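To start, the structure itself, in structure tokens.
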Amino acid sequence: MKRTYPTFLKYFIIIFFFLNTVLLFSSTLSKQERKWIENNKVSIGVTDLYPLTYINKDKERDGFASDILQLIINKYNIKTKTLVVRQGTLFSSFKTGEIDVIPLISQAKIKSSFGLYSTEILQIKKILFVKKEENDIQSLDDLKHKKVAIIQEKENITKKNNTNASFEIIQTKNMQDSVQLLLEGKVDAIMASPIIIQTYLEDNLIIGLKAMPLIIFEPSNLYFFTNNKKPILHAILDKGLNSLTVKEKKELFDKWFLRDLANLPLKLNNEELLHLQNKKHINMCADPDWMPYEKILNHKHIGMVADYMKIFEKRIGIPIKLIETKNWTQSLEYMKNKTCDILSLAMVTKNRQEYMNFTKAYIMAPLVLVTKKNITFISDLKTLKHKKIGVQKDFAYNEKLRRLYPEMNIVDVEHLHTGLQKVEKGELFGQVSTHLNVAYAFQKDFFGSLQISGKFDESWKLSIGVRNDDVILFNIFEKVIDSISDETRQKIINSWVSIKYEQGFNYKLLWKILAFFVFIWLLITYTYVMQRKYIHKLKKVKEEIEVLNDTLERKVEVRTKELKLSNKKLKLKTLELEDLNNTLDARIKEEINIRKKQEQLLIQQSKLAEMGEMISMIAHQWRQPLSALSTVFQNVHLRYSLGKLNQEYLNKQLTLSNALTRKMSTTIDDFRNFFQPNKEKIEFSVQAAIQQTVFLIDDSFKNYSIKITNIACKDVILYGFESELSQVLLNLLTNSKDAFIETEVKNPLIQIKSSKKDENIEIIITDNAGGIKQDLIDKIFDPYFTTKESYNGTGLGLYMSKMIIEQNMHGELSVRNLEKGVEFSILIPINKN
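When you read off a place in the sequence shown, starting at 1, and then add 637, the result is the number in the numbering used here.
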């Protein structure tokens, strides 16, 4: 029978082949164009406009536009060279013929008389960015008489956007200059593309700016701009652009923009933005034990919901604060009395709707039936009449299942784990729960003993519960949930569970048969291998016996020669030992001299390290008065420039300057007295030595938010060198500071405790910087041993400290690890003489 096709299908096929033919010829180069490519090398200009076009760390073209251009270059085998061009030199570079084409140039940036524009390859919107604390700019009208920074544009922005806004345009060379002007307060806002400025802010860790998504400007039309003296090159590029497939364009777009676009702020209205700004943070209640969905572990929110909340927090722009509860019932109570703003995950019930509004579901959890492994797949759950089925008590679907399956014998269980244990023991036929809960339980405790044997038609739809007196917050979370892609949802699920359903076919017999044949094959193979090994071993033993008989006399002769040689060596060693005894005194003296030189070198290096610390601390102490002096000079200069400088103001500023310089001079004297070694032993206060040391380093430590507490008993007077004790304290405190900087501990704290212990004074210094590795703690007092990078430590500080305490002061210096840090103990005898 002859097959016939509908008329419309025939026309569709004809049109399809026609369009493909047109597209093929539109991207095919002519002979003239191919010859031009063979005889010419194209100079490509690149500006610094990441991620659109830039030079990467390998000194190569990179970026979205550069990748598109590279596809065309590869397709037509175009020879190229790359030139870096600044925005300000574009005109001259095209005029002199230095560059032939530049990727991604807006019509607003270069006059068309210099070159030819390709077909449009990208549209990029521009919005306004201001400082985070800026609240006066909420619309375009608020920009009147304001200054707006923009990377060099040649057209007036107000005309371009057909608005009546009147603001001053400050043109900059690049994004760095624009952001710097805004942070310094020299402009009021930046007009830029979100995908460009977002990347710059992330790479440079700048968090002081915010986007104003409601103030949007017309997008820039972006092209490949070709030198007007190269029309053939322009035609080649246009054909190349037309030849690109949708897949190729999408892959490049996803590569360069998908991450950045996903991080852009939500499109919130003014009321929602103002509400978040006033709210500061959102209080969240959660189920403290409901994995894999969520759990509170060590005061942290973990699980699938926690992953969602991290994304929500980033999209909303304010923190979501966890309010810890003991159980699910307490979380519901906190929502009732408005302690919490949101409930992280819940199912809608009539009772809960009295005090919460529920967003659309963001987690769909099908209900499944778990049974023993010997149960085949159950296609119709209504057949489970009078079977004992476990369901968690107080869960929303408990009542619903009782209503839908009245003949099923439903038994309440306290926890999923309890129900699964009863199924395992045979006390229950099955347990109902969500497939994610079951998959997580299988991974943790029940792998291999239970299986999923059935699936309910019903799914558990889980939403965010929002307090019913905050409708604006409810609308915000509705938008946040809409912004989550299916890929993100699946990625979160995959990171916590893997699910396997029983398919109804039992492979048990097949595996037994295969196992039997494998066993027989292994047995035969083993017997054969063992026989081969035994035969080989017999042959080897026989050969060894023959060789042993042939060489026995030869070995005896060799052994005799070896004994004679050993006797000669023994005599030589005896002579060497006698010579060593004769020269031992001279060697001992030589070693003592070498040791003294090494100790002098250690002392010198330690002094250099102390000098570095002193310079660093002086720099910290001088920073504030130097800043104040700079302000004084600027004020005097400003008054002078304005003609308002009078003698009274000048005298006042001179007095202030003198006070500041005296403070700086006093700082120098304090440090000089601190680091100058005492020439004679004196009686000194232990507390005074501690307080003076802490005073000198206090500013330096505050720079890193390090808090020092000094807990002292009755003061003790020691007789000795005060500067030596101060040096030891300085070394120990500086080591703690370096550890805090390396480990980045929150709330860094150093405690100094001094107390009298029998006839000794004990000084204990503890920190919470994480401690010292156990395999290194016995080596830290060795010379040149350091746990820091080679450029951060000499390895002499602790060695010199131990020498001072134990040799000079006849005390003890010891160290031990604590739970969160380390403890140094100094024990010095109180010598009243």
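Ideal Cβ placement from N, Cα and C applies to all residues, glycine included. As the structure is a computational prediction, the values presented were derived from the model and not from experiment.
Next item on the list: Note the first and the last residue of the continuous beta strand (DSSP E) segment covering K1010.
Entry: By 1-based counting over the sequence shown, the position of residue 1010 is 373. Taken as a continuous stretch (DSSP letters only), K1010 belongs to no beta strand (DSSP E), as it is neither H nor E.
Note to self: Buried or exposed, going by whether 16 or more other CB atoms sit within 10 Å of the CB of G1063?
What the structure shows: Position 426 of the sequence shown, counted from the first residue, corresponds to residue 1063. The residue in question, G1063, is exposed, as its Cβ has fewer than 16 Cβ neighbours within 10 Å.
Next item on the list: Flag this pair as yes or no: are the beta carbons of I788 and T809 separated by less than 7 Å?
Entry: Counted from its first residue, the sequence shown places residue 788 at position 151. Counted from its first residue, the sequence shown places residue 809 at position 172. Yes.
Note to self: For G752, which residues in the same chain have their Cβ closer than 7 Å to its Cβ, ignoring the five residues on either side in sequence?
What the structure shows: Counted from its first residue, the sequence shown places residue 752 at position 115. Same-chain partners within the cutoff: F731, F862, T863, N864 and N865.
Next item on the list: Count the C-beta pairs between the segment 1073-1087 and the segment 974-985 that are closer than 8 Å, then say yes if the count reaches three, no if not.
Entry: By the C-beta criterion, the segment 1073-1087 is judged not to be in contact with the segment 974-985, since fewer than 3 inter-stretch pairs fall below 8 Å.
Next item on the list: Count the other CB atoms, across all protein chains shown, that sit within 10 Å of the CB of V824; report buried if there are 16 or more and exposed otherwise.
Entry: Sequence index remark: in the sequence shown, residue 824 carries index 187 (1-based). The residue is buried, with at least 16 neighbouring Cβ atoms inside 10 Å.
Check: Do you know how far the Cα of E1183 is from the Cα of Y1165?
Finding: What you label residue 1165 is simply residue 528 of the sequence shown in a count that begins at 1. What you label residue 1183 is simply residue 546 of the sequence shown in a count that begins at 1. Cα-Cα distance, rounded: 28 Å.
Next item on the list: From the DSSP output, in three-state form, read off P740 for me.
Entry: Position 103 of the sequence shown, counting from 1, holds the residue named residue 740. Three-state result, P740: strand.
Next item on the list: Buried or exposed for C977, please, with buried defined as at least 16 other CB atoms from any protein chain shown within 10 angstroms of its CB.
Entry: Stepping through the sequence shown from its first residue, residue 977 is reached at position 340. By the 10 Å Cβ count, C977 comes out buried.
Item checked: Whole-angstrom C-beta distance between I1467 and E1381, which should lie under 8 Å -> Position 744 of the sequence shown, counted from the first residue, corresponds to residue 1381. Position 830 of the sequence shown, counted from the first residue, corresponds to residue 1467. Wrong, their Cβ atoms sit about 40 Å apart, outside the cutoff.
Next item on the list: Measure the alpha-carbon distance for C922 versus E950 and round it to whole angstroms.
Entry: Numbered from its first residue, the sequence shown carries residue 922 at position 285. Numbered from its first residue, the sequence shown carries residue 950 at position 313. Cα atoms of C922 and E950: separation of roughly 15 Å, rounded to the nearest angstrom.
Next item on the list: Could you check which residue in N676, K892, E1456 and L1464 has the C-alpha nearest to that of Q1444?
Entry: Taking the sequence shown and counting its residues from 1, one reaches residue 1444 at position 807. It is L1464 whose Cα lies nearest to the Cα of Q1444.
Next item on the list: Answer with buried or exposed for M946, where buried requires no fewer than 16 other C-beta atoms within 10 angstroms of its C-beta.
Entry: If you number the sequence shown from 1, residue 946 lands on position 309. Counting Cβ neighbours within 10 Å, M946 comes out buried, since at least 16 surround it.
Check: For R1478, which beta-bridge partners are listed by DSSP?
Finding: There is no way to answer for residue 1478, as the model of the chain reaches only from 638 to 1470.
Checklist line | Short Cβ contact (7 Å threshold) for S667 with D737 | finding: As a first step, residue 667 is located in the sequence shown; it is residue number 30 there, counting from the start. As a first step, residue 737 is located in the sequence shown; it is residue number 100 there, counting from the start. For S667 and D737, no; Cβs fall outside 7 Å.
Item checked: Between the CA atoms of E961 and A1349 - distance to the nearest angstrom -> One-based indexing of the sequence shown puts residue 1349 at position 712. One-based indexing of the sequence shown puts residue 961 at position 324. Those two C-alpha atoms are separated by around 38 Å.
Checklist line | Rounded Cβ spacing between G1102 and V1069 (contact assumed at less than 8 Å) | finding: Within the sequence shown, the letter at position 465 stands for residue 1102. Within the sequence shown, the letter at position 432 stands for residue 1069. Cβ atoms of G1102 and V1069 stay farther apart than 8 Å, at about 23 Å.
Check: What are the boundary residues of the beta strand (DSSP E) that includes A829?
Finding: Start at 1 with the first residue of the sequence shown, and residue 829 comes out as number 192. Unbroken beta strand (DSSP E) run through A829: A826 to A829.
Check: Can you tell me the Cα-Cα spacing of Y860 and Y992, whole angstroms?
Finding: Here the question's residue 860 lines up with position 223 in the sequence shown. Here the question's residue 992 lines up with position 355 in the sequence shown. In a straight line, the C-alpha of Y860 is about 55 Å away from that of Y992.
Check: Using the beta-carbon count (16 or more within 10 Å), is D926 buried or exposed?
Finding: Looking up residue 926 in the sequence shown gives position 289. Label assigned to D926: exposed.
Note to self: Tell me the rounded alpha-carbon separation between V1323 and G1458.
What the structure shows: Start at 1 with the first residue of the sequence shown, and residue 1323 comes out as number 686. Start at 1 with the first residue of the sequence shown, and residue 1458 comes out as number 821. Those two C-alpha atoms are separated by around 25 Å.
Checklist line | Boundaries of the alpha helix (DSSP H) in which W1323 is found, first to last residue | finding: Along the sequence shown, one-based indexing puts residue 1323 at 686. In the sequence as displayed, the identity of residue 1323 is Val instead of Trp. Bounds of the alpha helix (DSSP H) holding V1323 are V1323 to K1339.
Item checked: C-alpha gap between K678 and H782, whole angstroms -> In the sequence shown, counting from the first residue as 1, residue 678 sits at position 41. In the sequence shown, counting from the first residue as 1, residue 782 sits at position 145. Near 49 Å, if we compare the C-alpha coordinates of H782 and K678.
Margin query: Could you tell me the alpha carbon to alpha carbon distance between L780 and L881, rounded to whole angstroms?
Written below: Position 143 of the sequence shown, counting from 1, holds the residue named residue 780. Position 244 of the sequence shown, counting from 1, holds the residue named residue 881. Separation of L780 and L881 (C-alpha to C-alpha, rounded to the nearest whole angstrom) is 42 Å.
Notebook entry, point to check: Between which two residues does the alpha helix (DSSP H) containing Y971 stretch?
Noted result: Against the sequence shown, residue 971 aligns to sequence position 334. Taken as a continuous stretch (DSSP letters only), the alpha helix (DSSP H) holding Y971 covers W965 to K973.
Next item on the list: Express the C-alpha separation of V1117 and K694 in angstroms, rounding to a whole number.
Entry: Position 57 of the sequence shown, counted from the first residue, corresponds to residue 694. Position 480 of the sequence shown, counted from the first residue, corresponds to residue 1117. Each residue's Cα considered, the two are about 36 Å apart.
Checklist line | Sequence-distant residues of the same chain with beta carbon closer than 6 Å to G1407, five excluded per side | finding: Translated into the one-based positions of the sequence shown, residue 1407 becomes position 770. Cβ within range, chain order: T1380.
Next item on the list: Would you tell me roughly how many angstroms separate the C-alpha atoms of Y1341 and L1435, rounded to the nearest one?
Entry: Position 704 of the sequence shown holds residue 1341. Position 798 of the sequence shown holds residue 1435. In a straight line, the C-alpha of Y1341 is about 22 Å away from that of L1435.
Check: If you scan the segment 748-787 from start to end, which runs of the beta strand (DSSP E) of 3 or more residues do you find wholly inside it?
Finding: DSSP runs (the beta strand (DSSP E)) wholly in the segment 748-787: 752-754 and 759-768.
Notebook entry, point to check: Roughly how many angstroms lie between the CA atoms of D891 and V1452, to the nearest whole one?
Noted result: The residue you call residue 891 lines up with position 254 of the sequence shown. The residue you call residue 1452 lines up with position 815 of the sequence shown. Roughly 55 Å separates the two Cα atoms.
Next item on the list: Find the nearest neighbour of N714 within the set H938, N1035 and E670, judged by alpha-carbon distance.
Entry: The residue you call residue 714 lines up with position 77 of the sequence shown. Among H938, N1035 and E670, the Cα nearest to that of N714 is on E670.
Checklist line | Own chain partners of L720 with C-beta closer than 8 Å, once the 5 adjacent residues on each side are dropped | finding: Translated into positions along the sequence shown, residue 720 becomes position 83. These residues qualify, in order along the chain: S680, I681, G682, V683, S730, E735 and I736.
Item checked: Where the beta strand (DSSP E) containing L1386 begins and where it ends -> As a working note, residue 1386 is residue 749 in the sequence shown. Counting along the chain, the beta strand (DSSP E) containing L1386 begins and ends at L1386 to K1394.
Margin query: Quick check on DSSP: helix, strand or coil for I590?
Written below: Nothing about residue 590 can be read from this structure; the chain reaches only from 638 to 1470.
Item checked: Minimum C-alpha distance to F1418 - residue among I827, A1376, L1282 and N1368 -> For the purposes of this step, residue 1418 is identified with residue 781 of the sequence shown, where counting begins at 1. Put simply, of I827, A1376, L1282 and N1368 the residue whose alpha carbon is nearest the alpha carbon of F1418 is N1368.
Next item on the list: Counting only the same chain and skipping the five closest in sequence on each side, list residues whose C-beta sits under 6 Å from that of S803.
Entry: Stepping through the sequence shown from its first residue, residue 803 is reached at position 166. Result list for S803: K781, in chain order.
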